[in-house]
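Have a look at the structure below, then the notes.
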Amino acid sequence: MSIRITAKARRGMVALALAAGLAVGVSGCGGGGDDEKPEASASTSASEDRGSNPSAQEGTTEPLAELKGESGLILTIDTAARDAGGFVTISGEIKNDGAEATRVPIQARGDETEIIRHGESLGGATLVDSVTKKRYYVLRDTDGRPLTTTDMPRIEPGESVPVFMQFPAPPADTTEVAFQLPTFASATIQISG
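Numbering of the sequence shown is given in the numbering used here, commencing with residue 33 and proceeding in unit increments.
This is the structure:
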């Protein structure tokens, strides 16, 4: 009979230990949310207090290049980032610094038949690596559409349009390339990443 009592006691202890473990696990997963809310609201109010006082890094980044084009258009390149997939993505904006509304010239799309079929774009952009003496053209999807900003609207004076272009990445040790876009000046830019 003492074996039966011992077995019952062991089962009771195991059940008690499991119940205690589950109770600790449940309280650890679900109950701590109230403690974090004051911190979140404190950080929210701290960022609200800053309002129009940006930090030293916000808004002070220098563009990589500014290229002048026709009719008062200016292409500002903000980033040229290499990613792990073997691509370089260039981002920036085109601003109309002229006195009249205008469009990006049709020549900016390039003259390749496949790109022309898909309408307005920045498909004529290229990167030139002078060290390896290679030119990199804008990538295209499986339907032949260039991986750039497309169908850009008419740009009013003082307005700007965000743009991007994606290229195959030059070798990892290449950090400086010449960026070219038809009807715009050429510029040397630094690739990050």
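Cβ coordinates follow ideal geometry from the N, Cα and C atoms, glycine included.
T174 burial status per 10 Å Cβ neighbour count (16 or more: buried): Translated into the one-based positions of the sequence shown, residue 174 becomes position 142. T174 should be labelled exposed.
Can you list, in chain order, the residues of its chain with a C-beta nearer than 8 Å to that of E98? Leave out the 5 residues immediately preceding and following it. The count along the sequence shown starts at 1 and reaches residue 98 at position 66. The residues are I106, L107, T108, I109, A219.
In the DSSP assignment, what are the bridge partners of S192? Against the sequence shown, residue 192 aligns to sequence position 160. Note: S192 sits in a beta bridge opposite K127.
Relative to the C-alpha of G117, which residue among E146, V136, L171 is closest? Position 85 of the sequence shown, counted from the start, is the residue given in the question as residue 117. Of the candidates E146, V136, L171, the one whose C-alpha sits nearest the C-alpha of G117 is L171.
Would the beta-carbon of T180 fall within 8 Å of that of G151? For the purposes of this step, residue 180 is identified with residue 148 of the sequence shown, where counting begins at 1. For the purposes of this step, residue 151 is identified with residue 119 of the sequence shown, where counting begins at 1. Contact flag unset, no.
Straight-line CA distance for G101 to T93? Locating residue 101 in the sequence shown gives position 69, where the first residue counts as 1. Locating residue 93 in the sequence shown gives position 61, where the first residue counts as 1. Roughly 22 Å between the two C-alpha positions.
Euclidean distance between Cα positions of V120 and T145: Reading the sequence shown from its first residue, position 88 is the one you call residue 120. Reading the sequence shown from its first residue, position 113 is the one you call residue 145. Cα to Cα, V120 sits roughly 24 Å from T145.
Skipping 5 residues on each side, what residues in its chain have a beta carbon closer than 7 Å to that of D234? A question about residue 234 goes unanswered here, because the residues of the chain that appear run from 33 up to 225.
Helix, strand or coil: how does DSSP classify I223 here? One-based indexing of the sequence shown puts residue 223 at position 191. Coil.
Have a look at P95 and E208 and give me their C-alpha separation to the nearest angstrom. Here residue 95 is taken as the residue at index 63 of the sequence shown, counted from 1. Here residue 208 is taken as the residue at index 176 of the sequence shown, counted from 1. Near 15 Å, if we compare the C-alpha coordinates of E208 and P95.
Does the beta-carbon of K158 have 16 or more other beta-carbons within 10 angstroms, so that it is buried, or is it exposed? Looking up residue 158 in the sequence shown gives position 126. Correcting the residue type first, residue 158 is Thr in the shown sequence and not Lys. That one is buried.
With distance defined between alpha-carbon atoms, name the residue in Q212, E188, I223 nearest to R141. Within the sequence shown, the letter at position 109 stands for residue 141. If we check each option's Cα against that of R141, Q212 comes out closest.
Taking the alpha helix (DSSP H) that I147 falls in, what are its first and last residues? Position 115 of the sequence shown, counted from the first residue, corresponds to residue 147. Note, I147: alpha helix (DSSP H), 145-148.
Please look up how many angstroms separate the CB atoms of S123 and T134, rounded, as I've assumed it's under 8 Å. Numbered from its first residue, the sequence shown carries residue 123 at position 91. Numbered from its first residue, the sequence shown carries residue 134 at position 102. Not confirmed; about 22 Å, so no contact.
S79 to V195 span [Cα, whole Å]: As a first step, residue 79 is located in the sequence shown; it is residue number 47 there, counting from the start. As a first step, residue 195 is located in the sequence shown; it is residue number 163 there, counting from the start. With a pLDDT of 39 at S79, under the threshold of 50, the predicted position of this residue should be treated as unreliable, though the coordinate-derived value follows. So the alpha carbons of these two residues sit roughly 29 Å apart.
Applying the criterion that 16 or more other CB atoms from any shown protein chain within 10 Å of the CB defines a buried residue, is S224 buried or exposed? Residue mapping note: residue 224 aligns to position 192 of the sequence shown, counting from 1. Per the 10 Å Cβ criterion, exposed.
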